[in-house]
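Report on the structure given below.
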Amino acid sequence: MAKKKFKKLNTLIQIRKELRRQKRKVVFTNGCFDLLHSGHVYIFRKAKKLGDVLIVAVNEDESVRKIKGGSRPI
98 MAKKKFKKLN TLIQIRKELR RQKRKVVFTN GCFDLLHSGH VYIFRKAKKL
148 GDVLIVAVNE DESVRKIKGG SRPI
């Protein structure tokens, strides 16, 4: 089962260094997930199969507004 964790960037950088030391393959994706749907879950599952660890970054609100419009994020 996946671990539910939110990490700050500086912590994530240290985790990534340790994973690299362990020779574990890391897959990274990011996006606007304010309206999480089955397409997102599908992509996460496919991405996870490409490596040992999947890291998902969530875009900041300002970025979401630029990409999705002024009414977002929800």
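Counted from 1, the sequence shown has number 122 at position 25 by my numbering; the numbering is strictly sequential. Note that beta-carbon positions come from the ideal geometry of N, C-alpha and C, so glycine has one too. Note that the coordinates shown come from a computational prediction; the quantities given were computed from them, not determined experimentally.
C-beta contact flag for residue i and residue j at 8 Å
| i | j | result |
| --- | --- | --- |
| R117 | D149 | no |
| I171 | C129 | no |
| Q152 | L109 | The residue you asked about is not Gln; residue 152 is Ile in the sequence shown. Cβ distance < 8 Å, so I152 and L109 count as in contact. |
| T126 | I140 | yes |
Nearest-angstrom Cβ-Cβ length linking residue i and residue j, presumed shorter than 8 Å
| i | j | result |
| --- | --- | --- |
| A154 | V124 | Not a contact, Cβ separation roughly 12 Å. |
Beta-carbon contacts of residue i that lie in its chain and below 8 Å, excluding the five residues immediately before and after
| i | result |
| --- | --- |
| H137 | G128, F130 |
| V161 | C129, D131, R169, P170 |
Cβ shell of residue i (< 6 Å), same chain only, five flanking positions each side left out
| i | result |
| --- | --- |
| L147 | V124 |
Pairwise C-alpha distance: residue j and residue i
| i | j | result |
| --- | --- | --- |
| D158 | G167 | 10 Å |
| S135 | R142 | 10 Å |
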